[in-house]
Structures are given as structure tokens and as C-alpha cells.
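Worksheet: the structure to be examined is printed underneath.
Numbering (this note's numbering), first residue to last: 1 to 410.
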């Protein structure tokens with residue numbers, strides 16, 4: 001995690017057009033230009049919750065006890081999102097959780113989770129803190145996916161936990177952390193925009209990160225001052241040794257035979273193209289298993305390798321730490337893509353495999369028109385089994401490839 005530098009925090013409705021444009025020292029978060037006070041379906045929790053048709057009367061009456069914070073209703077007002085007391089507009093940065101009633105006409109019960117649906121931000125920045133508090137109580141059982149049930153037996157405890165969290169927010173006990181290698185994607189007016197993912201945590205548990213941020217800001221400032229000083233001089237004297245700054249710069253460019261500007265442009269283009277390939281790869285990885293083993297091709301893997309090669313050729317313009325980090329990630333990407341598991345998966349063709357099995361059955365048992373359909377079904381089942389076998393053999397490598405690509409493109 002990285003502590004967010006509030007001097008470089010940029011709330012925007014329109015984020016960046018590509019995740020590669022999200023900078024490591026800046027934080028871009030979604031911020032709508034529609035204020036929560038102007039929305040018909042949103043308002044303070046203890047007033048708007050009465051209109052939540054997906055919750056039982058008993059649950060709504062108990063939730064009125066939440067003293068602060070905002071609520072938005074969705075799905076024809078069947079469900080609700082809870083937000084912190086400082087909410088300006090509805091976004092994942094200020095969201096606490098999503099709640100949905102369970103059979104409200106017959107039961108006093110609701111399910112609480114981080115978020116639900118495909119619209120807006122796909123995270124709730126306060127949810128991890130909420131879960132910490134929930135787990136400290138013996139009245140709740142948290143499922144593997146991080147959701148939990150609230151009913152008559154624990155709704156009062158839930159209200160107390162939320163109120164406690166609201167107090168922590170109002171008393172500025174929390175700090176914002178940026179989640180590495182993740183980004184939020186929101187569709188606005190037909191185009192996708194990208195933002196950083198953040199969470200909130202307690203300030204007293206992140207003192208080392210605060211110190212690290214302060215030291216890095218001081219170091220960056222000092223280095224900038226040194227570089228600016230050097231760049232204003234034709235030469236500098238270090239311990240009695242005269243260094244000709246201008247000559248060194250001119251010689252480096254002459255020996256490279258290429259301008260720094262050209263290398264920056266090339267590197268940017270390769271990273272942009274790799275980001276596009278990464279986006280396509282991530283979309284494929286979010287598909288059903290059958291779409292993955294049918295959709296992953298050698299061309300996709302080779303395109304990724306091509307962009308990685310281009311980046312490696314130009315990363316020498318970066319400072320040494322960044323160069324080493326990217327170079328290490330690319331080395332691992334190359335190893336993964338060239339692994340037997342991934343190559344076998346990419347070479348697999350579902351249709352060809354099924355037809356080959358079908359022909360083999362026909363050769364062994366002879367042609368029988370009455371049995372052709374059954375034999376083709378059997379061949380298709382064999383192809384499905386083979387595709388799944390190859391996918392699960394490469395599953396961990398696919399996830400690691402996705403992570404390593406994001407290390408570069410973020």
C-alpha cells in the first residue's frame with residue numbers, strides 16, 4: 001500500500017483514457033459533478049432509508065439509528081449503498097457498503113457486501129475497516145467472499161459498528177491508501193475512464209508509511225534542487241575533480257545516436273500498446289473458462305512479447321530502480337509466456353480437437369449415420385474436458401501474467 005499524497009490527489013469526473021497514464025506519485029479518483037444533496041434517490045441514511053422497498057419495515061426502523069452518513073437507493077429502490085458523512089458525490093472512495101434485503105415480506109434480514117452491480121466504482125473504500133469491526137464482534141459470521149448477514153439478532157450491533165465508523169471518519173482518525181496494481185474502470189458517455197483504487201485505514205497503524213512519504217518528498221525535493229543546480233552549470237567541481245557537464249551530455253547523445261525525446265516517445269508508445277493488450281487479456285481472463293481456452297491464442301501472447309521487447313530496448317532512459325523493476329517484470333513475463341503450460345493452452349483449438357476425436361471414433365467403429373450425433377457430442381465433451389484440463393494447468397501462471405502486466409502498465 002502507498003499513502004496518498006493529498007497534494008497530488010485529483011478528484012475527477014473524467015479520469016484517464018488508459019491505465020498506463022495513471023502516475024505512481026499521483027492519485028486520480030472518481031468524483032461526479034452531481035452533488036448528493038441534489039439527488040432524489042439519495043440523502044441522509046436516517047431519512048432516505050424509509051424509502052428502501054427491498055428492506056423489511058423492522059430493518060428500516062432499526063437502521064434509522066445510524067446517526068450520520070448518506071444512503072443511495074437503486075434497483076427500483078430495492079437496495080441501498082451506504083456512504084460516509086463527508087460524502088460530496090456518490091463514489092467508491094466514500095462508500096462504506098452495499099445492502100440488499102432478503103425476502104423482506106417474510107423475513108427481517110439483509111445481506112451486506114462491498115459492492116454489487118456493473119455501474120460506477122467496483123470498490124468501497126471503507127469496507128475493509130467495516131469488516132475489521134464486524135469480525136471483532138461475535139454476532140456476525142463473515143462469508144468467504146467478505147459478505148455477511150444482518151438480522152434481528154445483530155442489527156443493533158450493526159448500527160453500533162456503523163456509528164462507530166462514522167465517528168472515526170468525522171474525527172479524522174483515518175488515512176487514504178492507494179492500492180497497488182489495481183485500477184477502477186467506469187463508463188461515462190460511451191467511453192471508459194480509469195482511476196486509482198483507494199482504501200481507508202487507521203492513521204495510527206500507518207505511521208511508517210506517513211514517515212516514508214515525508215522522507216520521499218524531502219528526498220525528491222533535494223534531488224530536484226541538485227539536478228537543477230547541475231543543469232545550470234557547464235562544469236562542476238567534486239572533491240577537486242573538474243567534471244565537464246555539458247561535454248558529458250553531448251557525448252552521451254552522440255554515442256547513443258538517438259535523442260532522449262525519441263526514446264521517451266518510443267517507450268510511451270510501447271507501454272500504450274502493451275496497456276491495450278493487457279486490457280484485452282484482462283477482459284479474456286474475466287470470461288468463463290470455455291471462452292478462455294478457446295480465446296487465448298499464440299498471437300495474443302506473441303503481441304505481448306513484442307511490446308515487452310520494445311520496452312526493454314528503451315527503459316535505459318529511466319532511473320535505475322524503475323529500470324530494474326520493469327526489466328525484472330518483463331523477464332518473468334517472457335518466462336511465463338514461453339512456459340509449456342501457456343503454450344499448450346494457446347495452441348489448443350477446441351473445434352479442431354473435437355473434429356479429430358470424432359474422426360478417430362469413426363475410424364475405430366466405422367461410419368454409422370444413426371450414431372453420428374452421439375459421437376459428435378462425445379467428441380465435444382472430450383474437447384471441453386481437454387480445454388479445462390489445459391486451463392487449470394495454466395491458471396496460476398495466467399494470474400501471475402496478469403499481475404506482472406499490471407506492474408508495468410500501472
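Beta carbons are placed, not taken as given, at the ideal position from N, Cα and C, and that holds for glycine.
Note that the coordinates shown come from a computational prediction; the quantities given were computed from them, not determined experimentally.
The beta carbons of residue 83 and residue 98 sit no closer together than 8 Å. In this structure, the CA atom of residue 90 is about 9 Å from the CA atom of residue 81. In this structure, residue 273 sits away from residue 402, with a CB-CB distance that is not shorter than 8 Å.
In the DSSP assignment, residue 101 is bridged to 110.
Of 126, 107, 100, 104, the smallest CA-CA separation from residue 94 is found for 126. Residue 361 and residue 405 do not touch by the CB rule: their CB atoms are close to 41 Å apart, not below 8 Å. Cβ-Cβ distances below 7 Å link residue 301 to 337, 342, 346 in the same chain, with the five nearest sequence neighbours on each side left out; the list follows chain order.
Comparing C-alpha distances from residue 195 to each of 39, 38, 31 shows the shortest one belongs to 31. Remark: C-beta atoms of residue 169 and residue 121 do not approach each other more closely than 8 Å. CA-CA distance, residue 39 to residue 313, rounds to 52 Å.
When Cβ pairs closer than 8 Å are counted between the two stretches, the region 170-184 is seen not to touch the region 150-161, the count staying below three.
The shortest C-alpha to C-alpha distance from residue 123 to any of 199, 164, 104, 111 is the one to 199. At the C-beta level, residue 177 and residue 204 stay beyond 8 Å of one another. Short of 7 Å from the beta carbon of residue 357, and not among the five residues preceding or following it, lie these beta carbons of its own chain, in chain order: 379, 382, 383.
With a threshold of 16 other beta carbon atoms within 10 Å, residue 359 falls short and is exposed.
Rounded to whole angstroms, the separation of the alpha carbons of residue 140 and residue 147 is 10 Å. Its Cα nearest to that of residue 376, the residue 351 stands out among 399, 193, 309, 351. Taking all protein chains shown into account, residue 109 has 16 or more neighbouring C-beta atoms within 10 Å of its C-beta and is therefore buried. About 11 Å separates the beta carbons of residue 42 and residue 49, which is beyond the 8 Å limit, so they are not a contact pair.
In the DSSP assignment, the residues bridged to residue 184 are 195. Burial of residue 277 is indicated by the presence of at least 16 other C-beta atoms within 10 angstroms of its C-beta. Beyond the five residues adjoining it in sequence on each side, residue 330 comes within less than 6 Å, by CB distance, of 308, 312 in the same chain, given in chain order. Taking a C-beta distance under 8 Å as the contact criterion, residue 398 and residue 293 do not qualify as a contact pair.
Here the alpha carbons of residue 138 and residue 105 stand approximately 28 Å from one another. Distance from residue 161 to residue 112 at the Cβ level is roughly 10 Å; contact not present, criterion being Cβ atoms closer than 8 Å.
DSSP places residue 310 inside the alpha helix (DSSP H), whose first and last residues are 298-314.
DSSP places residue 74 inside the beta strand (DSSP E), whose first and last residues are 70-74. For residue 60, the closest of 269, 100, 395, 370 by C-alpha to C-alpha distance is 100.
In terms of CA proximity to residue 130, 167 leads the group 167, 14, 152, 107.
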